[in-house]
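Just below is one structure, and these are the notes that go with it.
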Amino acid sequence: MKLALFCGLLLLVPSVEGDTVDGLKIHSTVTGTGRTTVFFVHGYTCDDTTWSEQVPALSKQFRVVTLDLPGHGRSDVPKVEQFSMDLFARAIEAVRAEVGAERIVLVGHSMGTPAILKYANRFPAHTVALVFVDGLMPAPPRVGGAAPAAPSSAGSRMGGPNGRQNREAMIQRFFLPSTTPEVRKHVLDMMLGAPEATAVGAMNATADPAGRTIDVPAVPLLGIYAEPAPVATRDAVLKNFPKADYIQVDGTGHFLMLEKPAEFNAVLLKFLTSLR
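If you want it as structure tokens, here you go:
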């Protein structure tokens, strides 16, 4: 058990440490009870505190699982070349098996969206529904122009002497002028605190076409995206997933779940309730 601070409330929650993948310890936490288990999967160089505003609200009705993907938060750090969406998917599966949830709803933010898509592709029998939170969509094929960077080098700008500077510049683009200082600090501390191996390796994994898939089971799909500058437009999401619902939370940056948690939670709770 551990004490966790969520929205100013000190909660006693069980921390699961027995799950491993490829010998790497994966940190996860289970909160609440209910017939439906919801897995929250964070994005690039983030951790399970991404969902600090969701856990207290959802755990009143559902069993909520948060985890730190390999290389992130309190999970073990792989070698740079070990990072992949497949590794992330298998880490989620290791946690699912450890907590004893037969079927799960997966919510993935940013890089967490291709991770949960890879999970649904590999483990369809355990997938109930998918939620994309300002989530990355597979890039369309290039027609002419320069060839894309090789996956093994896509993360090179995130390491080395200029790595931290480049990462901070990227993170600053996630905010709007209205983003509060508290959210900015949370996100900057979290993302810049990740190891350099994670910054490089996870970016490589995100860029690798082998990690992208839209071949998933026919389950309910919801996209909750930022507005005015979502990572993926309605057209981009519906092109890949024509039956998905697409909702925007107005006046938010990339971390919409932290910027407008009440509005975000209401959308997510409505979707989860409809699955019953």
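One gets the numbering used here by counting positions in the sequence shown from 1 and adding 45 to each. The beta-carbon is built from N, C-alpha and C at its ideal position, and this holds for glycine as well. What you are looking at is a predicted structure, and each value in this text was computed from that prediction instead of being measured.
Presumed contact (8 Å Cβ cut-off) between VAL140 and VAL110, rounded CB distance: 6 Å
Taking 8 Å as the limit between beta carbons, can you name the residues of its chain near LEU320, skipping five residues before and five after? THR81, VAL150, VAL173, ALA174 and PRO265
For the alpha helix (DSSP H) that TYR34 lies in, which residues bound it at each end? Shown here, the chain extends from 46 to 321; a query on residue 34 therefore has no answer.
Own chain, CB closer than 8 Å to ALA192, minus 5 neighbours either side, in chain order: For ALA192, the pLDDT reaches just 49, beneath the cut-off of 50, and the residue's location in the model is therefore unreliable, leaving the point undetermined.
In the DSSP assignment, what are the bridge partners of LYS70? DSSP lists THR65 as partners of LYS70.
With 16 other Cβ atoms within 10 Å as the buried cut-off, status of LEU112: buried
Assuming ALA271 and HIS231 make a contact with CB atoms under 8 Å, what is their CB distance in whole Å? Not confirmed; about 16 Å, so no contact.
Starting from ILE216, trace the alpha helix (DSSP H) both ways and give me its first and last residue. 208-217
Can you tell me whether GLU126 is buried or exposed? The criterion is at least 16 other CB atoms within 10 Å of its CB, across all chains shown. Counting of Cβ neighbours within 10 angstroms places GLU126 among the exposed residues, the total staying below 16.
Would you kindly report the start and end of the unbroken beta strand (DSSP E) that includes VAL109? Annotation for VAL109: the continuous beta strand (DSSP E) segment containing it runs 108-112.
What is the C-beta distance between ASP260 and ASN166, in whole angstroms, given that I count them as a contact (C-beta under 8 Å)? 5 Å
Minimum C-alpha distance to ARG212 - residue among THR225, LEU233 and ARG229: Considering only alpha carbons, the answer is LEU233.
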